[in-house]
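Remarks on the structure that follows.
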Amino acid sequence: MAFLQINGLKKSFGSVEVLKGIDLSLEKGQVLSIIGPSGSGKTTLLRCLNNLEEADGGEVWIDGQRRELVGGKTFGLVFQSFNLFPQYTTIENLTLAPKLRAKEKVKKQKLGHDVLKAEYEAINKRAEELLATVGLSEKRDFYPCQLSGGQQQRVSIARALMMHPDVLFFDEPTSALDPEITGEVLKVIKELAALDMTMVIITHEMKFAHDVSDKIVFMDGGVIAAEGSPDEVFSSDNERLQEFLSAFNG
Amino acid sequence: MQFWEITLKLLEGLQTTTLIFILTLVMALPLGLIISFGSMSKFKPLAFVTKVFVWIIRGVPLMLQIFVVFYVPGFFGWTFLDRFPSVIVAFVINYACYFSEIYRGGIESIPKGQYEAGQVLGMKKSEVFFKVILMQVVKRILPPMSNEVITLVKDTALARVIMVVELLKAAENYAAYGIIWPMFYTAVFYLIYVGILTLLFGFFEKKLSYYKI
């Protein structure tokens, strides 16, 4: 079984079947891009995998364990609209959730205050490191409203990485950005790929998908209409896929 | 000399006014939050009952509600609440309902993405609410809240309908002796009161202006 294995994932909203049984697999350290027209079910798939929607059927396995049963194994999600917490600085956005978990752990195991302090220090250190990774160390004390869209998205990538996700998902991470800024976010994602981060990316950036992915999936009408290596998919003779791709070549 | 005597008497009335004001705020602010949760509940019957309750309270004059609290228990042979507690009960319920609608508007205006971001980071629902959502709600509702709180200052004058001697009633008592000017003099007290509150809310709004929602 692959590192990430999805079997027969289904989801309907009312009488509309949005996902008609999705099967996917991805090995550790690989990058999968999902492309396809609006309404094809891409975002719903990601939302189901991250428990933001409840799937109607199917299984998700991560590293040999069922997703529901997984304890330490986590997913991370980067949103199209960043969703940073506006009242917190960059560094606080990164450390908020991990510190809450650390506090809970220390309380549960009745550990001392010094343990909590050490945990907090480790969290702060990791946050600083991740900010350096996304190239925003100098913005650590800025509020989201003081950052550009591209910077906000890089912060939100760092924030997702704070939780040590086994798989990091991206829901059209550059769709809310103007083309000039898109590059800085894509660069960060490429750097993560070079670090062997396992990632699933919904994107409309075809060249980027081609360059960064180990595997590309083309979704259409709630099913996977084509999949394979980037070269296979982009040279596929699937008619619907060609029609979709030609829209990008103007 | 008469001016200072009357001023002192009015300040006594102002004490009662302030007591109504503070007690109402202290109880209605949290009660309003509970009512707003009721009206937003996914359990439809609870949401319905809460909304009907809010409709009744907002749909009937506060003066009438004071009468109801003070007189109606007597119809059933129950013991009367005292005058002052009756005023407090009526004010707290009335203002909690208005606050609940402000809270609801504030809470519902926070984008879904904020909840989802917290959720995918492994935060619990209560953590998301208290650590992420609440501060944003507070910032959003500050302007409508300041409106409501200023209205409350002036609504305290309604307590006089069941003979609770607040500021305006203290002044009105002189009218029986043909001294009318104290009634108009109370405007100065109200204006200073509201002026201080306006400054206070302005200060809080400024304090929260370091971020944008």
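Quick mapping for you: the protein sequence lines, in order, are chains S and Y. Each residue of the first sequence is one higher than the last, beginning at 1 in the numbering used here. Each residue of the second sequence is one higher than the last, beginning at 251 in the numbering used here. By construction, the Cβ of each residue, glycine as well, lies at the ideal position given by its N, Cα and C atoms.
Minimum Cβ-Cβ distance from residue i to chain S less than 7 Å
i, result
"Y/ALA407", "no"
"Y/TYR461", "yes"
"Y/LEU371", "yes"
"Y/VAL388", "no"
"Y/MET313", "no"
"Y/MET413", "no"
"Y/ALA340", "no"
"Y/GLU366", "yes"
"Y/VAL378", "no"
"Y/VAL322", "no"
Min CB distance residue i to chain Y below 7 Å
i, result
"S/CYS145", "yes"
"S/PRO86", "yes"
"S/LEU252", "With chain S represented from 1 up to 250, any question about residue 252 of chain S goes unanswered, as that position is not in the structure."
"S/SER15", "no"
"S/SER148", "no"
"S/LEU100", "yes"
"S/ALA122", "no"
"S/LEU192", "no"
Residue i versus residue j: straight-line alpha-carbon distance, rounded
i, j, result
"S/HIS164", "S/THR74", "7 Å"
"Y/TYR365", "Y/ASP405", "37 Å"
"S/ALA102", "S/TYR120", "8 Å"
"S/LEU4", "S/VAL31", "11 Å"
"Y/PRO323", "Y/VAL339", "13 Å"
"S/LEU84", "Y/LYS389", "16 Å"
"S/ASP214", "S/PRO230", "7 Å"
"Y/ILE391", "Y/LYS362", "18 Å"
"Y/TYR461", "S/TYR88", "8 Å"
"S/VAL233", "S/PHE218", "8 Å"
"S/GLY221", "S/GLY39", "7 Å"
"S/PRO179", "S/VAL188", "15 Å"
"Y/SER359", "Y/LEU384", "12 Å"
Residue i (DSSP reduced to helix, strand or coil)
i, result
"S/ALA225", "strand"
"S/LYS24", "What sits at residue 24 of chain S in the sequence shown is Leu, not Lys. Here S/LEU24 sits in strand by DSSP."
"S/GLN87", "coil"
"Y/SER291", "coil"
"S/PHE218", "strand"
"S/LYS11", "strand"
"S/VAL60", "strand"
"Y/VAL310", "coil"
"S/GLU17", "strand"
"S/VAL155", "helix"
"S/SER33", "strand"
"S/ARG140", "coil"
"S/LEU52", "coil"
"Y/GLN486", "Within the shown structure, residues of chain Y are numbered from 251 to 463, placing residue 486 of chain Y beyond reach of any answer."
"S/GLN65", "strand"
"S/GLN5", "strand"
"Y/TRP305", "helix"
Continuous alpha helix (DSSP H) stretch holding residue i: start and end
i, result
"S/MET199", "Note, S/MET199: premise wrong, no alpha helix (DSSP H); beta strand (DSSP E) at 199-202."
"S/GLY76", "It is not in any alpha helix (DSSP H) - S/GLY76 instead sits in the beta strand (DSSP E) that spans 75-78."
"Y/TYR383", "Position check: residue 383 of chain Y holds Ile in this sequence, whereas Tyr was assumed. Note, Y/ILE383: premise wrong, no alpha helix (DSSP H); not H, not E."
"S/VAL185", "179-194"
"S/ALA132", "113-133"
"S/ASP211", "206-212"
"Y/LEU408", "Looking at the DSSP string, Y/LEU408 is not in any alpha helix (DSSP H), and its letter there is neither H nor E."
"S/ALA247", "239-248"
Endpoints, the beta strand (DSSP E) within which residue i is located
i, result
"S/ASP171", "167-171"
task = Report the residue ranges of all alpha helix (DSSP H) runs contained in full by the segment 331-379 of chain Y; include only those spanning at least 4 residues, in chain order.
result = 333-358 and 362-370
ask   = Where are the alpha helix (DSSP H) runs, 4 residues long or more, that stay fully inside the segment 410-462 of chain Y, in chain order?
value = 417-422 and 431-457
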